[in-house]
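Have a look at the structure below, then the notes.
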Amino acid sequence: MKTRMRRRQQQCFIAFWTLCLEYVLGSGPRVMPWSNKKFGPDGPWQAVTVQIGSNYTEIVVSSSEVALYLGGSWESKILLSSICDNKTLSSVCYGDIAGLFDSDISASLDNTSIEMPPYGTWGDVDWGFTNAAPVYAKARRATDYITISGSPVPDVDMIIIYSGWQTYPGGQAYPLEVGILSLGCPAINQTFGNVIKINTTFVTSYFYEQEGSLNIPSYSYGMHIGSAALGIPGSLLLGGYDQNRVMGEVSSQAFSSGSFPIELLNMNIGVAEGGSPWAYTNKAGLLAQCNSSLDSGLSVIVDPANPYIYLPQSSCDAIAAELPVPYHPEYGLYFWNTSDTQYDTIATSPGYLGFQFSKHNLNNNFITIKVPFALLNLTLEAPLAAFIGVNWLGGKWFLAQAPGPGGSFIVDTVSIGDNDFTISATTNSWEATWKSTWKAIPAGSTSNANTTGTSMSGPSTDGNGFSVAVKIGIIVGSTIGGLSIIAILSGIYIHHRRQQKKASISDESHATEQTDHGSSAHQLMPVEAPDNIWNQVNEIHSQERHEMGSERGPFYELGPEKGALVDLDQRSKSQEGPFELPARTSVSWSSNVI
3 MKTRMRRRQQ QCFIAFWTLC LEYVLGSGPR VMPWSNKKFG PDGPWQAVTV QIGSNYTEIV
63 VSSSEVALYL GGSWESKILL SSICDNKTLS SVCYGDIAGL FDSDISASLD NTSIEMPPYG
123 TWGDVDWGFT NAAPVYAKAR RATDYITISG SPVPDVDMII IYSGWQTYPG GQAYPLEVGI
183 LSLGCPAINQ TFGNVIKINT TFVTSYFYEQ EGSLNIPSYS YGMHIGSAAL GIPGSLLLGG
243 YDQNRVMGEV SSQAFSSGSF PIELLNMNIG VAEGGSPWAY TNKAGLLAQC NSSLDSGLSV
303 IVDPANPYIY LPQSSCDAIA AELPVPYHPE YGLYFWNTSD TQYDTIATSP GYLGFQFSKH
363 NLNNNFITIK VPFALLNLTL EAPLAAFIGV NWLGGKWFLA QAPGPGGSFI VDTVSIGDND
423 FTISATTNSW EATWKSTWKA IPAGSTSNAN TTGTSMSGPS TDGNGFSVAV KIGIIVGSTI
483 GGLSIIAILS GIYIHHRRQQ KKASISDESH ATEQTDHGSS AHQLMPVEAP DNIWNQVNEI
543 HSQERHEMGS ERGPFYELGP EKGALVDLDQ RSKSQEGPFE LPARTSVSWS SNVI
């Protein structure tokens, strides 16, 4: 009898600790898996790996494994295998590298129940809040499973893309290669329909609502995309963050719907340690240089789904005047001039481009995100130098400096609570994470070299149209409607009002019940496009793609022989989203300067 009692006590004891263990496991953030591949014509970018769809309706057996860029809000953007059907832009389907969703073999796909645009016709699809590289696609709203590390999430809100392309700064059209994983929005779920209610969810909110081992502490995430070239792995935790990715001060501010606004107050070029490649160790005021209307700052939006920062032309010119980066109007981009004596010195030095943002949304306090020029010495690469986190229920998003390649990438997991309004940083030094990468100049040294290069002339071009002297990667971007784009920086973007024809969907009797007004996908009156619409855009050569580094080749000009993008540019444009912030500085589309 005593033996039986002891066994029962032991069983209860074991059961108790099993329950406690389940609670402990369920209370921690979820680490997202990353693909070991790199993607993108403007990358290589790092992406997370998920599975989409199910071969069966009762048991979830994922039908397609795909890599997705992360950081989207509202619906996820998923590329279908049919995107490879049209070979006009390229005979090679680069979407196959990331993986594509085969909707034909998914028994759980529902692409008919939600009667909201897009309806499977051609139109503009917003690719993030900044829409840095506009997307024109044949798309439809749908739901299906997305499985994360073996845990299926049902009824995920998504836009599926049958076919389409992105238009980059120089006017070239590229086939879509990688979709975007949404990490939530201010609402837990999204409900469609007036009579028959269709509830959809997001991967982050789903895990937050679960119990046991699937549960995460809060409806939040912490993210650092890292650098493919410098070996900085990506980091994404749902319900928390890796403290080793958060360095120095942290700024916490309110989000607006699914966007993350912040004030850019100033920019500077500085040197973290030692001597300087320039005749100074710090040059401030680059944002408003030659443009006093920017003295009070500029409203910008962080958009992890788009790796660009928009700046006024005057600000781009101010930065370019300090660097050997002549402007190439034919590509709409600035290139490193590798024949300049200052190129190697700057690209390997502790020099950085600094961005001063309003800290905690206060006018009298700021936080600086430093982007070393070592990160800018990349061929079409744009690693984020900033850490970004969001607490959807807490109403805040977080911005902080991220580490360099010498940082600790052993995950130091910290949970974010429902009511947390800020996060804590590591005590590690940011400079120490870069020491092994840059080459410090002896203290006291400065250079009087003239690095100004605002136009391109003189050097001959090779047979493919690229200057022999500038076969290194693109550093800073182009004019788009009076604004300039700087790639390869910290993932911060000027949010401006585009004078576009607004899409009217108010006459839709099947509008969403609640939160779809924040959706990032909008469409004008649908017009079915024939297959030969692809003939209207520039063809990308089908030969093997090459990184635009000085040591590689050949280099292919995205030539005009297939015709200009006039037809694309003249099409009606959709509303970019109803959540645009009132800009401090108005944008004039007739001028290249704000």
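Under the working numbering, think of the first position of the sequence shown as 3, with each following residue one higher. Note that beta-carbon positions come from the ideal geometry of N, C-alpha and C, so glycine has one too. For clarity, every value in this text was computed on a predicted model and none was experimentally measured.
1) Where does isoleucine 390 fall in DSSP's three states?
2) Spatial neighbours of methionine 160 within its chain, please: CB distance less than 6 Å, with the 5 preceding and 5 following residues excluded, ordered by chain position.
3) Roughly how many angstroms separate the alpha carbons of leucine 313 and alanine 189, rounded to a whole number?
4) By DSSP's criteria, threonine 145 is part of a beta bridge. Which residues make up the other side?
5) Am I right that serine 184 and glycine 74 are in contact with their C-beta atoms under 8 Å? What's the rounded C-beta distance?
6) Among all the DSSP beta bridges, which residues are the ones paired with valine 50?
7) Report yes if the CB atom of isoleucine 85 is closer than 9 Å to the CB atom of proline 177, and no otherwise.
8) Which of the three DSSP states, helix, strand or coil, is assigned to glutamate 433?
9) Okay, do the region 356-365 and the region 246-259 touch, 3+ Cβ pairs below 8 Å being the bar?
10) Helix, strand or coil for valine 273? Go by DSSP, reduced to three states.
11) Since I believe alanine 387 is in contact with isoleucine 2 (beta carbons under 8 Å), could you give me their beta-carbon distance rounded to a whole number of angstroms?
12) Could you tell me whether the Cβ atoms of lysine 285 and asparagine 308 are closer together than 9 Å?
13) Look up valine 413 in the DSSP assignment and say whether it is helix, strand or coil.
14) Can you tell me whether alanine 290 is buried or exposed? The criterion is at least 16 other CB atoms within 10 Å of its CB, across all chains shown.
15) Hey, would you say glycine 181 sits closer than 9 Å to isoleucine 163, going by beta carbons?
16) Tell me threonine 370's beta-bridge partners as DSSP assigns them.
17) Looking at C-alpha atoms only, which residue of Pro326, Val392 and Asn393 is the closest neighbour of phenylalanine 375?
18) Where phenylalanine 209 and valine 52 are concerned, what is the direct C-alpha to C-alpha distance, given to the nearest angstrom?
19) Which word fits proline 31, buried or exposed, when buried means at least 16 other C-beta atoms lie within 10 angstroms of its C-beta?
20) Return the Cβ separation of alanine 49 and alanine 100 in integer angstroms, given the expectation that the two are a contact with Cβ distance under 8 Å.
21) Over what stretch of residues does the alpha helix (DSSP H) that includes serine 207 continue unbroken?
22) May I have the straight-line CA-CA distance separating isoleucine 490 from tryptophan 47, to the nearest angstrom?
23) Ignore the nearest five residues each way along the sequence and tell me which others in glycine 28's own chain have a CB closer than 6 Å to its CB.
24) Between the beta-carbon of tyrosine 138 and the beta-carbon of glycine 166, is there less than 9 Å?
25) Under the three-state reduction of DSSP, which class applies to isoleucine 150: helix, strand or coil?
26) For tryptophan 399, tell me which candidate among Met225, Thr343 and Ala274 has the shortest Cα-Cα distance.
27) Thinking just about the alpha-carbon of each residue, which of Ala404, Val197, Glu324 and Gly122 is nearest to the one in glycine 287?
28) Taking isoleucine 227 as the reference, which of Phe423, Asn421, Thr429 and Ala402 has the closest Cα?
29) If you measure between the beta carbons of serine 438 and serine 351, is that distance less than 9 Å?
30) Roughly how many whole angstroms lie between the Cα atoms of glycine 242 and asparagine 293?
31) Take serine 110 as the anchor and find which of Val63, Pro136 and Ile150 has the nearest alpha-carbon.
32) To the nearest angstrom, how far is it from the Cα of phenylalanine 411 to the Cα of threonine 428?
33) Rounded to the nearest angstrom, what separates aspartate 106 and aspartate 112 at their Cα positions?
In this structure, then:
1) Taking the first residue of the sequence shown as position 1, residue 390 is located at position 388. Strand.
2) Taking the first residue of the sequence shown as 1, we reach residue 160 at position 158. Closer than 6 Å at the Cβ level, and outside the excluded window around methionine 160, lie Glu77, Ser78, Ile80 and Ala144.
3) Numbered from its first residue, the sequence shown carries residue 313 at position 311. Numbered from its first residue, the sequence shown carries residue 189 at position 187. Cα to Cα, the separation comes out at about 31 Å.
4) The sequence position of residue 145 within the sequence shown is 143, counting from 1. Asp112 and Asp159.
5) As a first step, residue 184 is located in the sequence shown; it is residue number 182 there, counting from the start. As a first step, residue 74 is located in the sequence shown; it is residue number 72 there, counting from the start. Their Cβ separation, rounded to whole angstroms, is 4 Å, which keeps serine 184 and glycine 74 in contact under 8 Å.
6) Counting from 1 along the sequence shown, the entry for residue 50 is found at position 48. Per DSSP, Trp36 and Leu70.
7) Position 83 of the sequence shown, counted from the first residue, corresponds to residue 85. Position 175 of the sequence shown, counted from the first residue, corresponds to residue 177. Contact flag set, yes.
8) On the sequence shown, residue 433 is found 431 positions in, with the first residue counted as 1. Helix.
9) yes
10) On the sequence shown, residue 273 is found 271 positions in, with the first residue counted as 1. In the structure shown, valine 273 sits in a strand (DSSP, three-state: E or B).
11) The shown model of the chain, from 3 to 596, leaves out residue 2, and the question about it has no answer.
12) Position 283 of the sequence shown, counted from the start, is the residue given in the question as residue 285. Position 306 of the sequence shown, counted from the start, is the residue given in the question as residue 308. Taking 9 Å as the cut-off, the Cβ atoms of lysine 285 and asparagine 308 do not count as close.
13) Numbered from 1 along the sequence shown, position 411 holds the residue referred to as residue 413. Residue state, collapsed to three classes: coil.
14) In the sequence shown, residue 290 corresponds to position 288, counting from 1. Buried, by the Cβ-count rule.
15) Here residue 181 refers to the residue found at position 179 when the sequence shown is read from its first residue. Here residue 163 refers to the residue found at position 161 when the sequence shown is read from its first residue. Yes.
16) Taking the sequence shown and counting its residues from 1, one reaches residue 370 at position 368. Paired residues: Gln358.
17) Within the sequence shown, the letter at position 373 stands for residue 375. Minimum Cα distance to phenylalanine 375 is reached at Pro326.
18) For the purposes of this step, residue 209 is identified with residue 207 of the sequence shown, where counting begins at 1. For the purposes of this step, residue 52 is identified with residue 50 of the sequence shown, where counting begins at 1. Taking the straight line joining both Cα atoms gives about 15 Å.
19) Position 29 of the sequence shown, counted from the start, is the residue given in the question as residue 31. Label assigned to proline 31: buried.
20) Numbered from 1 along the sequence shown, position 47 holds the residue referred to as residue 49. Numbered from 1 along the sequence shown, position 98 holds the residue referred to as residue 100. Alanine 49 to alanine 100, Cβ: 7 Å. Contact.
21) One-based indexing of the sequence shown puts residue 207 at position 205. Start and end: 205-211.
22) Along the sequence shown, read from residue 1 onward, the residue named residue 490 stands at position 488. Along the sequence shown, read from residue 1 onward, the residue named residue 47 stands at position 45. Per-residue confidence for isoleucine 490 stands at a pLDDT of 31, beneath the threshold of 50, marking its modelled position as unreliable; the derived number appears in the next sentence. Take the alpha-carbon of isoleucine 490 and the one of tryptophan 47: they are about 11 Å apart.
23) As a first step, residue 28 is located in the sequence shown; it is residue number 26 there, counting from the start. Below a pLDDT of 50, predicted positions are generally treated as unreliable, and glycine 28, at 49, falls in that range; the measurement from the model is reported next regardless. The answer, listed in chain order, is Gly214, Ser215 and Asn217.
24) On the sequence shown, residue 138 is found 136 positions in, with the first residue counted as 1. On the sequence shown, residue 166 is found 164 positions in, with the first residue counted as 1. Yes, the pair counts as a contact, with Cβ atoms nearer than the cut-off.
25) The residue given as residue 150 occupies position 148 in the sequence shown. If DSSP states are grouped into helix, strand and coil, isoleucine 150 belongs with the strands.
26) Walking along the sequence shown from the start, residue 399 turns up at place 397. Selected option, being the one with the closest Cα: Met225.
27) The residue given as residue 287 occupies position 285 in the sequence shown. That would be Glu324, whose Cα lies nearest to the Cα of glycine 287.
28) Residue numbering aside, residue 227 sits at position 225 when the sequence shown is read from its first letter. Looking at the Cα atoms, Ala402 is the closest of the given residues.
29) Residue numbering aside, residue 438 sits at position 436 when the sequence shown is read from its first letter. Residue numbering aside, residue 351 sits at position 349 when the sequence shown is read from its first letter. No, the Cβ-Cβ distance between serine 438 and serine 351 is not below 9 Å.
30) Counting from one through the sequence shown, the residue named residue 242 turns up at place 240. Counting from one through the sequence shown, the residue named residue 293 turns up at place 291. In a straight line, the C-alpha of glycine 242 is about 41 Å away from that of asparagine 293.
31) Along the sequence shown, one-based indexing puts residue 110 at 108. Residue nearest to serine 110 within the set Val63, Pro136 and Ile150 is Val63 (criterion: CA-CA distance).
32) Taking the first residue of the sequence shown as 1, we reach residue 411 at position 409. Taking the first residue of the sequence shown as 1, we reach residue 428 at position 426. So the alpha carbons of these two residues sit roughly 12 Å apart.
33) Here residue 106 refers to the residue found at position 104 of the sequence shown. Here residue 112 refers to the residue found at position 110 of the sequence shown. Each residue's alpha carbon lies about 11 Å from the other.
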